[in-house]
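Chemist: What follows is a single structure, and I will ask about it in a moment.
There are 2 protein chains.
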Amino acid sequence: MKSLSHSEENYLKEIFHLSGLTEKRVSTNGLAARLNTKASSITDMLQKLSEKKLVEYVKYKGCFLTEEGERIAIQIIRKHRLWETFLVNKLSFGWEEVHDVAEQLEHIDSTKLIDSLDRFLNYPKFDPHGDPIPDKDGNIVYRKSKIKLIDAAINSRVEIVRVNEDSLALLKFLERHHLTLGTEIDVLEKFPFDDSMSIRIGDQPETNLSKKVTENIGVKFISKL
Amino acid sequence: MKSLSHSEENYLKEIFHLSGLTEKRVSTNGLAARLNTKASSITDMLQKLSEKKLVEYVKYKGCFLTEEGERIAIQIIRKHRLWETFLVNKLSFGWEEVHDVAEQLEHIDSTKLIDSLDRFLNYPKFDPHGDPIPDKDGNIVYRKSKIKLIDAAINSRVEIVRVNEDSLALLKFLERHHLTLGTEIDVLEKFPFDDSMSIRIGDQPETNLSKKVTENIGVKFISKL
DNA sequence: CATTATTTTTAGACATGCCTAAAAATTTAA
DNA sequence: TTAAATTTTTAGGCATGTCTAAAAATAATG
């Protein structure tokens, strides 16, 4: 198995993320946006990955991963999430500081290294943002009964089990407002005109969260209020 | 400070190693041998590094590092050695297994990461092969009174304080013969015709070591026999 | 010191991964 | 359902880092 370039690995990872969300073919422009490149570059790379049998690609119709492509993508995600866990748990990084470094570390090529790291961290199931860490065979345990905060019912108490790690600004915002993993939130009211939501944490004063925030937080139901 | 490519970093590191040994200008062919490239590639890169003011380069006369080039080289070596220490001390790698992975990890670009790692490892002074680890300001504490085993006096007892990490085969050989850091060796006899040496470890039977071995082991004097 | 031998540089190529601009295909909407 | 808008691909370029082959400079030797 010849090893892939960092670029190729990034493409596979992003295709995996995008098709996970949409459950269908991934568009050229969609990828270009995530990878900060131009559509023409995407086309070039998809042709190359297609020749390598890592993606199924049909001109003008987008692409999806082959089994082998998905296997590789999952291993990259495994590395990314284990390194993030290492940075937070062992080196005391803040959860908003780990993403960029993990983007570099995820390309280090050594199965022994990553399996040793997994053991060293005691086989963590979730990374610092609450995302599941694939095991060495590529199995991913998704948290059942996880919904987005934006979809949580009014007058319910929920617990934060996941935050979207993509935006540094969001993570800083959440940190600042004590919206960390494990925090319990009471959903008080929703405002359809701007999709914002009023919540309360413990006995702190009520706050309003924008759609941008609530759609990027994963929660699980705890109880009715 | 724009960041350098992996390739550029490797060039700086090797120039540092080579000029450390010879104390003078580094030749194109010398670099080519260490970097597994052709001389013409070296010339190209030296011209580039020269423009970036990281090396002093004169056509046909070889090169040496500028202050800035040396500063960068030392930081790469710091990263390499800290990662090796991490792999051995925390992830239980053997000393012969760490080199290739560290060659990858040394290019990860994050000052916070490497300084955190340094703290996590408790500011180690030497890596698993006995080489000194530069501190964050680039200071390197060379072990005074360290000589090569090949130069040790007959009828003296010495302690292994350093082994050359470059050869995987050598490291495996040393491991197999219990020639690890801290081991005390009695130097019994030298054979000028092939530069081999007879030694004894504790009360084990006497062994003969080739030049290839003794010139790649660093020792310090313990006592007369 | 003149002539080989060696080292180093130049010249020209190639693969990767990206770009812009223009053409082609697809989708949207009047 | 056909014209306009959007998406995607092609064509041609560019920088990086490497190579081979040939030329030039330096070093070694009789």
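Those protein sequence lines, which keep their order, are chains R and Z.
Just so you know, we're using the numbering used here here: the first sequence kicks off at 1 and counts up by one.
Just so you know, we're using the numbering used here here: the second sequence kicks off at 1 and counts up by one.
Where is the CB? At the ideal position from N, CA and C, for every residue including glycine.
Remember, it's a predicted structure, so these values are computed and weren't measured experimentally.
Examine chain R for any beta-carbon lying closer than 8 Å to the beta-carbon of Gln104(Z), and answer yes or no.
Modeler: So yes, Gln104(Z) belongs to the interface.
Chemist: Closer than 9 Å, Cβ to Cβ, to anything on chain R: give me those residues from the stretch 106-118 of chain Z, in chain order.
Modeler: Residues His107, Ile108, Asp109, Ser110, Lys112, Leu113, Ser116, Leu117.
Chemist: Do Ile15(Z) and Thr28(Z) count as a contact pair if the criterion is CB distance below 8 Å?
Modeler: Against a cut-off of 8 Å, the Cβ pair of Ile15(Z) and Thr28(Z) comes out as no contact.
Chemist: Please confirm whether Lys136(Z) has its beta-carbon closer than 8 Å to some beta-carbon of chain R.
Modeler: Judged by the 8 Å Cβ criterion, Lys136(Z) is not in contact with chain R.
Chemist: Taking Lys190(R) as part of the alpha helix (DSSP H), name the residues at either end of that continuous run.
Modeler: Premise fails: Lys190(R) lies in the beta strand (DSSP E), 184-191, not in any alpha helix (DSSP H).
Chemist: With a threshold of 8 Å between beta-carbons, can Lys172(Z) be considered close to chain R, or not?
Modeler: Chain R contact via Cβ: absent.
Chemist: List, in order along the chain, the chain Z residues whose C-beta lies closer than 8 Å to that of Ser92(R)?
Modeler: Under the 8 Å cutoff, chain Z gives Ser116.
Chemist: Nearest-angstrom Cα distance between Trp83(Z) and Ala102(Z)?
Modeler: Trp83(Z) and Ala102(Z): Cα-Cα distance of roughly 6 Å.
Chemist: Would you verify that the beta carbon of Val101(R) is, or is not, closer than 8 Å to some beta carbon of chain Z?
Modeler: Closer than 8 Å to some Cβ of chain Z, the Cβ of Val101(R) qualifies, so yes.
Chemist: For Glu215(Z), which residues from the same chain have a beta carbon less than 6 Å from its beta carbon, with the 5 sequence-adjacent residues on both sides left out?
Modeler: Answer for Glu215(Z): Lys148, Ile150, listed in chain order.
Chemist: So, does the stretch 163-175 of chain Z touch the stretch 184-203 of chain Z, judging by three or more C-beta pairs under 8 Å?
Modeler: No, because fewer than three Cβ pairs between the stretch 163-175 of chain Z and the stretch 184-203 of chain Z fall closer than 8 Å, the two stretches do not touch.
Chemist: From this set, Tyr11(Z), Gly62(Z), Ala32(Z), which residue's C-alpha is nearest Arg25(Z)'s C-alpha?
Modeler: Nearest option by C-alpha distance: Gly62(Z).
Chemist: Going by beta-carbon coordinates alone, are Ile133(R) and Arg78(R) separated by less than 8 Å?
Modeler: Result yes, Cβ atoms of Ile133(R) and Arg78(R) sit closer than 8 Å.
Chemist: Where Leu209(R) and Arg81(R) are concerned, what is the direct C-alpha to C-alpha distance, given to the nearest angstrom?
Modeler: Roughly 27 Å separates the two Cα atoms.
Chemist: Ser156(R) lies in the beta strand (DSSP E); which residues open and close that run?
Modeler: Unbroken beta strand (DSSP E) run through Ser156(R): 156-163.
Chemist: Along the beta strand (DSSP E) that carries Ser110(R), what are the first and last residues, could you check?
Modeler: Neither: Ser110(R) is in no beta strand (DSSP E) and is coded neither H nor E.
Chemist: On a Cα-Cα basis, can you pick out the residue from Leu171(Z), Tyr123(Z), Ser7(Z) that is closest to Phe108(Z)?
Modeler: Checking the displayed sequence, the identity of residue 108(Z) turns out to be Ile instead of Phe. Residue Ser7(Z) is the option with its Cα nearest to Ile108(Z).
Chemist: Listing by chain order, which chain R residues have their CB less than 8 Å from the CB of Phe120(Z)?
Modeler: Going along chain R in sequence order, the residues near Phe120(Z) (Cβ under 8 Å) are Lys90, Leu91.
Chemist: Across which residues does DSSP place Asn139(R) in a beta bridge pair?
Modeler: In DSSP, Asn139(R) forms no bridge with anything.
Chemist: Can you pull the DSSP bridge partners for Met197(Z)?
Modeler: DSSP output for Met197(Z) lists Lys190(Z), Leu209(Z) as bridge partner(s).
Chemist: Are the stretch 112-119 of chain R and the stretch 111-120 of chain Z touching, with three or more C-beta to C-beta distances below 8 Å?
Modeler: Touching, no, given that fewer than three Cβ pairs across the two stretches are closer than 8 Å.
Chemist: Which residues bound the alpha helix (DSSP H) around Gly69(R)?
Modeler: From DSSP, the alpha helix (DSSP H) with Gly69(R) extends over 67-89.
Chemist: Mind reading off the beta-carbon distance from Ala152(Z) to Val213(Z)? Whole number of angstroms is fine, and I expect it under 8 Å.
Modeler: Rounded, the Cβ-Cβ distance is 13 Å, inconsistent with contact.
Chemist: In three-state DSSP terms, what is Gly62(R)?
Modeler: Coil, per DSSP.
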